[in-house]
Amino acid sequence: MKVLLIGAGGREHALALHLAQSRLIEEVVVSPGNPGIASEAKCRIEAGERVEDWLALAQEEAVAFTVVGPEAPLVEGLGDVFRAAGLKVFGPGRAMAQLEGSKAFAKEFMKEYGVATAAYDTVKTLAEARQLAREKGAPLVVKASGLCAGKGVVVAQSEEDVQNALEDFMGEEIFGAAGRTVVLEECLEGPEVSILALYDGQDIYPMVSAMDHKRIGEGDVGPNTGGMGTLAPAPAFDAAAQEDFYEHILRPTQKGLLHRGFRDPACIFFGLMLTKKGVRLLEYNLRFGDPETQSVLALLEGDLGEIFLKALSGTLRSKDLTFKKQHAMTLIGAAPGYPGLYEKDLPLSFSKEQGIQVFHAGTRLNQGQLVSSGGRIFGVTATGEKKELHERLNRYMQDNAPAGVVWRRDIGAS
């Protein structure tokens, strides 16, 4: 069978690679894809930018099902359009996607169904936000309600930082309409953990945990990014934390999804923080995380094509998701200047090394030369023992990353 994968980043490169390894899949059509995906066996890239492009492509290629990588098409309603046309798609419709597309909606959902999360207030005017922030004091987490490519969250340590973030989001509107409604949230402390889970419209099946590193700088300093690297499984996510997550987050979420009639098969990403008072949910994403997917799929033992088919037919079971008893690590190489204004068109060349997979994220071909085109340019992933992974992947980055490219050398170091 043939499948369609929508997206162009490192997450999609990882999904394409693992789908192509399925015994059931003859070809993976990826739109718009990237040069790295195009080089993989059984993978083909096709142009496409809008929902109607991808609908036409899915129909022309007569694909068995479609997997959606990025969040924007899902929030726009791609899932609804595809299902209305009789096509199978792994991803939520517009209503369910609001759990990611609107942080205000997501927090209301958490509150209604008793999901353990941070205390919060939702504000819709700058004057109201400024007054409430003064009353609450710092530290405070300021979140733009809409989609901001992972950059719409400021952990403000001082009242000045809070007011500056509010001015950026609601006054200057640096994220446009996405920042006009803001969530002011209690500042929690503790390790962050990501859980990717597959939802078949009835049950939620978590995959192996991962620890993302969102800040640009080593030691978790500097601005937030889309993610600078991951380690799986997450060291801090022990059996007690897992049970806490099941009891106070996963099961209430499942109850809420069913009560609201949200039954679209999808990946549910739980962004967690392990606090002294227990596990708390920071956010939902309704798609595979990037760069969590690269590490999680590296440990997956099953056939990804078969897993998707079971999820789409409501027959997925826990035994279908088994993982290697190893660690997986992913390091991201980011362009100079990222996550602000960053350089482009850096010449790229990646050596082949046994056991290290390079995933393209922001790359393109310029007259046959591979160059950078995005803020997060590429990632490298490997599996094995944690200390050895840290050494191998950092050595690979030193040998292959262009001058000025930034990566986190502290991931997996301790």
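Take the position in the sequence shown, starting the count at 1, then add 3; the result is the number in the working numbering.
A virtual CB, placed ideally from N, CA and C, is assigned to each residue, including glycine.
- Could you tell me which uninterrupted beta strand (DSSP E) segments, each at least 3 residues in length, are contained entirely in the stretch 89 to 156, listed from first to last along the chain? Along the stretch 89 to 156, the beta strand (DSSP E) occurs as fully enclosed runs of 3 or more residues at 123 to 126, 143 to 147, listed in sequence order.
- Query: Just how far apart, CA to CA, sit H216 and D348?
  - Reply: Locating residue 216 in the sequence shown gives position 213, counting from the first residue. Locating residue 348 in the sequence shown gives position 345, counting from the first residue. Distance between the alpha carbons of H216 and D348: 25 Å.
- Taking just the CA atoms, how far does A168 sit from L1? The requested residue 1 is not part of the displayed model; the chain covers only 4 to 417.
- Task: Go through the stretch 294 to 335 residue by residue and report every complete run of the alpha helix (DSSP H) that reaches 4 residues or more, in order.
- Result: 295 to 302, 307 to 316
- Message: Is it buried or exposed, P76, if we count other Cβ atoms within 10 angstroms and call 16 or more buried?
- Response: Taking the sequence shown and counting its residues from 1, the one referred to as residue 76 is at position 73. Here P76 is buried. Its C-beta has 16 or more other C-beta atoms within 10 Å.
- Query: When we look at the beta-carbon of Q205 and count the other beta-carbons within 10 Å, is it buried (16 or more) or exposed?
  - Reply: Here residue 205 refers to the residue found at position 202 of the sequence shown. It counts as exposed.
- Mark R411 as exposed unless 16 or more other C-beta atoms lie within 10 angstroms of its C-beta, in which case mark it buried. Counting from 1 along the sequence shown, the entry for residue 411 is found at position 408. Its Cβ being crowded by 16 or more others within 10 Å, R411 is buried.
- Could you give the distance in angstroms between the alpha-carbon of T384 and the alpha-carbon of A404? The residue given as residue 384 occupies position 381 in the sequence shown. The residue given as residue 404 occupies position 401 in the sequence shown. Rounded to whole angstroms, T384 to A404 spans 14 Å at the Cα level.
- Item | Touching by the beta-carbon criterion (3+ pairs, under 8 Å), the stretch 320 to 335 and the stretch 30 to 48 | no
- What is the residue span of the beta strand (DSSP E) that T233 lies within? The residue you call residue 233 lines up with position 230 of the sequence shown. Here the beta strand (DSSP E) through T233 covers 232 to 235.
- Query: Between which two residues does the beta strand (DSSP E) containing G281 stretch?
  - Reply: Within the sequence shown, the letter at position 278 stands for residue 281. First-last of the beta strand (DSSP E) with G281: 281 to 288.
- Task: Would you mind stating whether M2 and L284 have Cβ atoms separated by less than 8 Å?
- Result: The chain is shown from 4 up to 417; residue 2 falls before or after that span and cannot be answered.
- Query: Three or more beta-carbon pairs under 8 Å between the stretch 20 to 30 and the stretch 301 to 315, yes or no?
  - Reply: yes
- Item | Secondary structure of A23, DSSP reduced to three states | Working through the sequence shown from its first residue, we reach residue 23 at position 20. In the structure shown, the three-state DSSP call for A23 is helix.
- Quick one, which of S316, F326, T120 has its alpha-carbon nearest L303's? The residue you call residue 303 lines up with position 300 of the sequence shown. Considering only alpha carbons, the answer is F326.
- Please list, in chain order, all residues of the same chain as T278 whose beta carbon is under 6 Å from its beta carbon, the five residues on each side excluded. Within the sequence shown, residue 278 is the residue found at index 275, counting from 1. Closer than 6 Å at Cβ, skipping near neighbours: L191, G193.
- On the three-state DSSP scale, how would you describe Q401? The residue labelled residue 401 in the question sits at position 398 within the sequence shown. It is helical.
- Query: If you draw a straight line from the C-alpha of G89 to the C-alpha of L60, how long is it?
  - Reply: Start at 1 with the first residue of the sequence shown, and residue 89 comes out as number 86. Start at 1 with the first residue of the sequence shown, and residue 60 comes out as number 57. For G89 and L60, the distance between alpha carbons rounds to 14 Å.
- Helix, strand or coil for F85 per DSSP? Taking the first residue of the sequence shown as position 1, residue 85 is located at position 82. Three-state DSSP puts F85 in a helix.
- Message: Just to confirm the assignment, what range does the beta strand (DSSP E) spanning Q372 have?
- Response: Here the question's residue 372 lines up with position 369 in the sequence shown. Where Q372 is concerned, the enclosing beta strand (DSSP E) stretches over 372 to 375.
- Message: Going by C-alpha to C-alpha distance, which of Q360, M332, V118 sits closest to S42?
- Response: Residue numbering aside, residue 42 sits at position 39 when the sequence shown is read from its first letter. When only C-alpha atoms are compared, the closest one is Q360.
- Task: Can you give me the start and stop residues for the alpha helix (DSSP H) that Q166 sits inside?
- Result: Here residue 166 refers to the residue found at position 163 of the sequence shown. From DSSP, the alpha helix (DSSP H) with Q166 extends over 162 to 169.
- Task: Could you check the C-alpha separation between I380 and V374 for me, to the nearest Å?
- Result: Taking the sequence shown and counting its residues from 1, one reaches residue 380 at position 377. Taking the sequence shown and counting its residues from 1, one reaches residue 374 at position 371. Roughly 9 Å between the two C-alpha positions.
- Beta-carbon contacts of E176 that lie in its chain and below 8 Å, excluding the five residues immediately before and after: Within the sequence shown, residue 176 is the residue found at index 173, counting from 1. Excluding sequence neighbours, E176 sits near G182, R183.
- Task: On a CA-only basis, which of A119, A314, L344, L324 is nearest A244? Give me that one, please.
- Result: Within the sequence shown, residue 244 is the residue found at index 241, counting from 1. Among A119, A314, L344, L324, the Cα nearest to that of A244 is on A119.
- Query: So who's on the other strand from N37, going by DSSP bridges?
  - Reply: Counting from one through the sequence shown, the residue named residue 37 turns up at place 34. None; N37 has no bridge partner.
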